[in-house]
Amino acid sequence: MKNVFSPEKIDVLILCGGEGKRLRGIIEDRPKPMAEIRGRPFLDILIDYIASQGFRRFILCAGYKGEIVRRYYKNKHGSLNILVLKESKLLGTAGAIKNAESIIKSNPFLVMNGDSFCSLDLHKFINFHKEKKASFSMVLVNTKANKDYGVVNIDSSRRIISFSEKIKAKKGVLINSGIYLFGKRIFSVIEAGKKLSLECDIFPRIVAEGFYGYVTKGRFIDIGTPDRYERAKGRFRLCHPKKLIY
């Protein structure tokens, strides 16, 4: 019997359709995940890091300037199976997942934001999802630098109970890393063809269905603003991504 929880059997869907308006003057007219770090696209670094943990099949959900993503990965597969799915219109984070329903083979499947990086052992995250018998799981990062991120609240069993708005807290809080394991049940709660957000439109619907939070101490890097992008370039210049786990 095939182990559906083995990394090589799990599809990785990377959301890379955002416009990156806040970075437009820095990265020119290209998708945010294609912003360069150490002379290569941030998305490339992300894929290499995930592939180093055994994952082999990647689906890149491209939207804004998606042809740039498609062209870059057209002949850059190596031992990986990389598919680029370009949206005919921008669908948001949830809409992009629904748009990929017909080509996602695995159950569960891994979803990641294409503009952030979190160092963690994905095998442990998969085992957590399996042990909780979860339909939906999210990687959470404990941080004090939370003023730009919404807060996730969990109970003693690590079940997500609520989401809070961006707050400034003196002590560490848990934030969404943008990494998820979803069972195919997720498709039934996302309407086809609509522009929908995971955070705003979908998570409030599924929080009562057994949505769990896996807490990591790994380093979280986000390139969403000019300041964060510059910090990311500095961090990756000083340390190889595979050595960012601590």
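Residue numbers (my numbering): 10 to 255.
The beta carbon of each residue, even a glycine, is placed where N, CA and C say it ideally should be.
Proximal residues to Ala71 (C-beta, below 6 Å), its chain only, five neighbours per side dropped | The residues are Cys25, Gly26, Val78, Val93, Lys95.
Check each candidate in Ser128, Asp57, Asp130, Thr152 and name the one with the smallest Cα separation from Ile91.
-> When each option's Cα is compared against that of Ile91, the closest is Asp57.
From Asn116, Asp130, Lys242, residue whose alpha carbon lies closest to that of Val13 = Looking at the Cα atoms, Asn116 is the closest of the given residues.
Enclosing beta strand (DSSP E) for Ala71 [first to last residue] | Counting along the chain, Ala71 sits inside the beta strand (DSSP E) bounded by residues 66-71.
CA nearest to the CA of Asp164, picked from Met43, Tyr73, Val216 | Among Met43, Tyr73, Val216, the Cα nearest to that of Asp164 is on Val216.
Sorted by chain position, which residues of the same chain lie with C-beta nearer than 8 Å to Leu205's C-beta, five sequence neighbours on each side aside?
-> Result list for Leu205: Leu100, Gly101, Thr102, Ala103, Gly104, Lys107, Ile199, Ile211, in chain order.
Enclosing alpha helix (DSSP H) for Val13 [first to last residue] | Val13 -> no alpha helix (DSSP H), and no H or E assigned at all.
What residue range is occupied by the uninterrupted beta strand (DSSP E) comprising Tyr158?
-> Secondary structure note for Tyr158: it is in no beta strand (DSSP E), with a DSSP letter that is neither H nor E.
When Phe118, Pro50, Ala109 are compared against Phe64, the one with the closest alpha-carbon | For the residues Phe118, Pro50, Ala109, the minimum Cα distance to Phe64 belongs to Phe118.
What's the call for Lys41, buried or exposed, on a 16-neighbour Cβ count within 10 Å?
-> By the 10 Å Cβ count, Lys41 comes out buried.
State yes or no: is the C-beta of Ser186 within less than 8 Å of the C-beta of Leu149?
-> Yes, they are a contact pair.
Using the rule of at least 16 other Cβ atoms within 10 Å of the residue's Cβ for burial, across every protein chain shown, is Pro50 buried or exposed?
-> Per the 10 Å Cβ criterion, buried.
Local Cβ density within 10 Å of Ala241, reported as buried at 16 or more and exposed below that = Buried is the call here.
Per-residue burial, His138 [other beta carbons within 10 Å of its own, 16 or more giving buried] = The residue is buried, with at least 16 neighbouring Cβ atoms inside 10 Å.
Helix or strand or just coil, what does DSSP make of Lys95?
-> Strand, per DSSP.
Pairwise C-alpha distance: Ile135 and Leu190 | So the two alpha carbons sit approximately 8 Å from each other.
Drop a sphere of 10 angstroms on the beta-carbon of Asn122, count the other beta-carbons inside from all chains shown, and report buried for 16 or more, exposed for fewer.
-> In summary, Asn122 is buried, with 16 or more beta-carbon neighbours lying within 10 Å of its beta-carbon over all protein chains present.
Candidates Leu131, Glu76, Ile113, of which the one nearest Arg39 by Cα | Between Arg39 and the set Leu131, Glu76, Ile113, the nearest pair of CA atoms involves Glu76.
Buried or exposed: where does Arg214 fall if 16 or more other Cβ atoms within 10 Å of its Cβ makes it buried?
-> The residue in question, Arg214, is exposed, as its Cβ has fewer than 16 Cβ neighbours within 10 Å.
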